[in-house]
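Here's the structure, in structure tokens; my notes come after.
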Amino acid sequence: MKRADLRKLGARIVHWSVLFVFTVLLAFPFYWMLIAAFKQNLDLYTVENNPFIFNARPTLDHLRLLFNETRFVRWLGNTALVGVIVVAITLLLAMPAAYALARLTGRWGQRLGIGIFLTYLVPPTLLFIPLSRVVAILGLQDTIWSVVLVYPSFTVPFSIWLLMAFFKSIPKELEDAAMVDGLTRFGAFVKLVIPISVSGILTVVIFTFTLVTQEFVYALTFISPESNQMVGVGIPIFLVRGDVYFWGSLMAACLIASLPVALVYNMFLDRFIAGFTVGAVK
Amino acid sequence: MAIGRPKIKSLQAAESPLLGGAMFSPAVLYIVLLIGAPFVLAIFYAFSDARIGSTTLHFVGLENFRSILQSPSFRKALQNSIVFTICAQAIVVVCSTMLSIALEKKFRGRGLLRFLILLPWVAPVSLGSIGWKWILDSIYSVITWVLVWLHFYKPYGAPMWLGQPHLAMASVILVHCWRLIPFATVVMLAGSSAIPKEIPEAAAIDGAGFWRTLFQIKIPMMLPIINVAVLFGTIFTFTDMTVVYILTAGGPFDSTQTLPSLAFATGIQGSDLAAGAAISLFLVPVLVVIAYLMLRMAHRAEVV
Numbered sequence: 000m001k002r003a004d005l006r007k008l009g010a011r012i013v014h015w016s017v018l019f020v021f022t023v024l025l026a027f028p029f030y031w032m033l034i035a036a037f038k039q040n041l042d043l044y045t046v047e048n049n050p051f052i053f054n055a056r057p058t059l060d061h062l063r064l065l066f067n068e069t070r071f072v073r074w075l076g077n078t079a080l081v082g083v084i085v086v087a088i089t090l091l092l093a094m095p096a097a098y099a100l101a102r103l104t105g106r107w108g109q110r111l112g113i114g115i116f117l118t119y120l121v122p123p124t125l126l127f128i129p130l131s132r133v134v135a136i137l138g139l140q141d142t143i144w145s146v147v148l149v150y151p152s153f154t155v156p157f158s159i160w161l162l163m164a165f166f167k168s169i170p171k172e173l174e175d176a177a178m179v180d181g182l183t184r185f186g187a188f189v190k191l192v193i194p195i196s197v198s199g200i201l202t203v204v205i206f207t208f209t210l211v212t213q214e215f216v217y218a219l220t221f222i223s224p225e226s227n228q229m230v231g232v233g234i235p236i237f238l239v240r241g242d243v244y245f246w247g248s249l250m251a252a253c254l255i256a257s258l259p260v261a262l263v264y265n266m267f268l269d270r271f272i273a274g275f276t277v278g279a280v281k
Numbered sequence: 000m001a002i003g004r005p006k007i008k009s010l011q012a013a014e015s016p017l018l019g020g021a022m023f024s025p026a027v028l029y030i031v032l033l034i035g036a037p038f039v040l041a042i043f044y045a046f047s048d049a050r051i052g053s054t055t056l057h058f059v060g061l062e063n064f065r066s067i068l069q070s071p072s073f074r075k076a077l078q079n080s081i082v083f084t085i086c087a088q089a090i091v092v093v094c095s096t097m098l099s100i101a102l103e104k105k106f107r108g109r110g111l112l113r114f115l116i117l118l119p120w121v122a123p124v125s126l127g128s129i130g131w132k133w134i135l136d137s138i139y140s141v142i143t144w145v146l147v148w149l150h151f152y153k154p155y156g157a158p159m160w161l162g163q164p165h166l167a168m169a170s171v172i173l174v175h176c177w178r179l180i181p182f183a184t185v186v187m188l189a190g191s192s193a194i195p196k197e198i199p200e201a202a203a204i205d206g207a208g209f210w211r212t213l214f215q216i217k218i219p220m221m222l223p224i225i226n227v228a229v230l231f232g233t234i235f236t237f238t239d240m241t242v243v244y245i246l247t248a249g250g251p252f253d254s255t256q257t258l259p260s261l262a263f264a265t266g267i268q269g270s271d272l273a274a275g276a277a278i279s280l281f282l283v284p285v286l287v288v289i290a291y292l293m294l295r296m297a298h299r300a301e302v303v
């Protein structure tokens with residue numbers, strides 16, 4: 000009996016130490032951003048100081064610099080604007096397509112659906128060179144409209160895939176009943192299917208928005224003026240003057256820009272994962 | 000299907016092709032124009048002498064491929080892309096299997112813990128990478144501080160993590176792992192929750208110990224979902240340029256250059272669109288293999 004108890008205790012210790020070690024390793028950079036964001040420069044740049052604690056009083060100087068003397072707020076605004084427009088485009092394109100694939104086109108729907116999912120696997124690093132010419136020819140270079148045009152190319156395929164699964168879970172009888180009551184198929188889609196799919200649509204909205212804030216390659220390639228940047232490129236590229244890194248402000252900016260996205264994404268994560276796992280989970 | 004309602008069924012059959020087509024063609028058109036067409040254009044550029052700023056374009060056959068295959072930078076980039084991807088996936092699979100098993104049981108504070116563990120994946124990758132650049136700084140690195148404090152190195156005697164080829168490569172792999180472990184963990188959690196609880200329990204009752212249950216029952220049953228995590232992880236690592244670009248920009252001396260970062264340096268920064276396009280086309284074989292494997296898995300899941 001004693002041996003079994005010891006074993007149980009051992010298992011618990013292993014369990015908790017695995018959790019502890021991984022949590023610390025994975026979350027550490029964010030703790031590091033937090034502490035750097037409030038440290039005085041003298042404290043930050045003295046090699047002898049214990050870097051884990053505040054050796055001098057915390058300061059708001061870095062935040063002040065960030066908000067008053069850089070384009071940080073502008074970048075946040077650009078990103079939010081692009082996010083909203085891309086969400087609108089994505090919904091307009093993906094909702095009808097997903098419904099059509101889920102309901103109307105029968106056996107072909109399955110194949111087309113998988114085809115669309117596969118286009119999600121095409122990475123920006125394969126397409127950014129030709130797209131940079133397309134953007135230049137259309138005269139969109141250096142404006143946020145370049146990314147507004149291109150971002151739906153990776154948000155639409157995955158959104159169709161997510162919504163398709165969602166629409167399929169709605170009982171067909173509901174629509175049939177509505178159609179017997181005189182609605183057309185399209186009418187049933189707009190007045191019945193969309194309202195009861197709000198949570199699925201919300202997932203797509205969040206997903207699209209987070210992808211817009213996470214994108215780096217296209218924004219770096221298409222946009223060069225500092226004031227038109229997206230937040231994901233502006234912070235790592237333009238908060239550096241020459242070779243001088245303003246680490247305090249840089250870390251504050253990273254934290255401010257990533258935490259809200261992380262919080263919201265986290266809430267919807269299980270749905271995205273269900274989309275990722277294709278059909279391997281049943 | 001609604002067998003008892005022939006009226007609806009005929010209605011559906013009559014209107015479906017037209018309405019269905021009208022509903023999904025805008026999305027398909029968009030995808031064709033912004034993914035299909037640029038892809039064809041990339042192939043076209045790779046066989047031409049396209050440059051930023053030049054308006055004429057000539058067909059040059061395999062010339063671009065010949066010159067990039069001879070360039071040492073390209074060979075290093077190809078090698079790095081493969082090494083980074085394989086190393087990162089190996090580490091990610093081991094770590095996330097452990098972590099997902101540890102997270103399986105419900106306990107108090109699990110939600111908060113999951114959020115902290117997920118942070119690297121849900122935060123924008125360029126911002127996480129810049130955080131690491133500060134952690135790996137040549138002078139103020141916290142890792143250096145700890146090693147000096149533990150007397151492994153004399154003050155100012157520690158290596159520069161991003162300044163020496165092998166350490167820089169290790170750093171890039173480390174950051175990729177840091178970012179992918181959370182993703183792989185949640186994918187595996189989703190998978191392991193689908194395994195019927197009775198099977199491992201029955202094995203335990205029959206006298207199989209923890210390790211035996213783990214290696215002979217749990218992990219084999221989780222294999223399909225581990226495959227999904229590895230396939231996506233491979234794409235995310237192999238085609239990524241953000242981590243490398245921010246941490247090292249391919250340096251020192253091309254030692255961390257990957258195919259995407261070299262394509263960017265050549266095609267955009269170096270204005271040689273043709274060579275850049277040719278380099279990025281080397282991503283395609285890997286993508287095709289992964290797409291094939293995913294299709295096979297999706298197919299098998301349907302049959303079962």
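Line by line, the protein sequences give chains X and U.
Taking numbering that gives the first Met the number 0, the leading residue of the first sequence gets 0, the next gets one more, and so forth.
Taking numbering that gives the first Met the number 0, the leading residue of the second sequence gets 0, the next gets one more, and so forth.
Glycine included, each C-beta is placed from N, C-alpha and C at the ideal position.
For this session: Consult DSSP for X:Val204 and reduce its assignment to one of helix, strand or coil.
Result: helix
For this session: Please state if the CB of X:Ile159 and the CB of X:Ala93 are separated by a distance shorter than 8 angstroms.
Result: yes
Exercise. Would you call the CB atoms of X:Leu65 and X:Val230 closer than 8 angstroms?
Worked result: no
For this session: Starting from the N-terminal side, write out each stretch of the alpha helix (DSSP H) that is 4 residues or longer and does not extend beyond the stretch 174-238 of chain U.
Result: 197-204, 209-212 and 218-237
Problem set entry | Segments assigned beta strand (DSSP E), at least 3 residues, entirely inside the stretch 22-90 of chain U | none
Exercise. What residues match up with X:Arg240 in a beta bridge as DSSP calls it?
Worked result: X:Val243
Exercise. How should X:Asn77 be labelled, buried or exposed, when 16 other C-beta atoms within 10 angstroms of its C-beta is the threshold for buried?
Worked result: buried
Exercise. So U:Ile225 packs on U:Val92, CB below 8 angstroms; how close in whole Å?
Worked result: 6 angstroms
For this session: List the whole-angstrom C-beta distance separating U:Ser279 from X:Ile128, where the pair is believed to meet the contact cut-off of C-beta under 8 angstroms.
Result: 6 angstroms
Exercise. For the stretch 190-214 of chain U, which residues have a CB atom closer than 9 angstroms to at least one CB atom of chain X, in sequence order?
Worked result: Gly190, Ser192, Ala193 and Phe209
For this session: Please list the residues of the stretch 207-232 of chain X that have a C-beta atom closer than 8 angstroms to any C-beta atom in chain U, keeping them in chain order.
Result: Thr209, Thr212, Gln213, Phe215, Val216, Leu219, Thr220, Val230, Gly231 and Val232
Exercise. Secondary structure at U:Pro154, three-state DSSP: helix, strand or coil?
Worked result: coil
For this session: Leaving aside the five residues before and after U:Gln256 along the sequence, list all residues of the same chain whose C-beta is less than 7 angstroms from its C-beta, in chain order.
Result: Ser72, Lys75, Ala76, Asn79 and Gly249
Exercise. Excluding five sequence neighbours on each side, which residues of the same chain lie with their C-beta closer than 7 angstroms to the C-beta of X:Phe116?
Worked result: Pro156 and Trp160
Exercise. Roughly how many angstroms separate the alpha carbons of X:Gly108 and X:Ala101, rounded to a whole number?
Worked result: 7 angstroms
Exercise. Applying a beta-carbon distance threshold of less than 9 angstroms, which residues of chain X neighbour U:Gly52?
Worked result: Neighbours of U:Gly52 on chain X: none; closest Cβ ~10 angstroms, over 9 angstroms.
Exercise. Which same chain residues, not among the five before or five after U:Gly156, have their C-beta less than 7 angstroms away from its C-beta?
Worked result: none
Exercise. Between X:Thr202 and the rest of its own chain, which residues show a CB-CB distance below 7 angstroms, the 5 nearest in sequence each way excluded?
Worked result: Leu161, Phe267 and Arg270
For this session: Can you tell me which of the three DSSP states X:Lys167 falls into?
Result: helix
Exercise. What residues in its chain sit with their C-beta under 7 angstroms from that of U:Val59, if we drop five residues either side in the sequence?
Worked result: Phe46, Ser47 and Asp48
For this session: Following the continuous alpha helix (DSSP H) through X:Leu137, name the residue where it begins and the one where it ends.
Result: X:Leu137 -> no alpha helix (DSSP H), and no H or E assigned at all.
Problem set entry | Stretch-stretch touch, CB-based, cutoff 8 angstroms, three pairs: the stretch 166-186 of chain U with the stretch 128-143 of chain U | yes
Exercise. Since U:Asn63 and U:Ala274 are thought to touch, with beta carbons under 8 angstroms apart, how far apart are those beta carbons, to the nearest angstrom?
Worked result: 5 angstroms
For this session: Would you kindly report the start and end of the unbroken alpha helix (DSSP H) that includes X:Lys7?
Result: Lys1 to Ala36
Exercise. Quick one, which of X:Glu225, X:Val260 and X:Ala256 has its alpha-carbon nearest X:Glu68's?
Worked result: X:Glu225
Problem set entry | Outcome for U:Ala13 when other beta-carbon atoms lying within 10 angstroms are tallied against a minimum of 16 | Low confidence applies here, because U:Ala13 scores a pLDDT of 45, under 50, leaving its location unreliable and the question unanswered by this model.
Exercise. What whole-angstrom Cβ distance do U:Ile218 and U:Thr96 have, given they're in contact under 8 angstroms?
Worked result: 7 angstroms
For this session: Using three-state DSSP, classify X:Thr308 as helix, strand or coil.
Result: Residue 308 of chain X lies beyond the residue range present for chain X, which begins at 0 and ends at 281; the question has no answer from this structure.
For this session: Determine the contact status of X:Ser131 and X:Thr220, defining contact as a CB-CB distance below 8 angstroms.
Result: yes
Exercise. At least one CB of chain U closer than 8 angstroms to the CB of X:Thr69: is that the case?
Worked result: no
Exercise. Using CA coordinates, which residue listed in X:Leu59, X:Phe19, X:Trp15 and X:Arg2 is at the minimum distance from X:Met250?
Worked result: X:Leu59
Exercise. Between the C-alpha atoms of X:Val146 and U:Lys104, what's the straight-line distance to the nearest angstrom?
Worked result: 42 angstroms
Exercise. Exposed or buried, what is X:Pro28 when buried is set at 16 or more other beta-carbons lying within 10 Å of its beta-carbon?
Worked result: buried
Exercise. Looking at the structure shown, is U:Thr241 part of a helix, part of a strand, or coil, going by DSSP?
Worked result: helix
Problem set entry | Run of the alpha helix (DSSP H) containing U:Lys132, from where it starts to where it stops | Val124 to Ile134
For this session: Would you kindly work out how many angstroms separate the C-alpha atoms of U:Met187 and U:Ser99, rounded to a whole number?
Result: 6 angstroms
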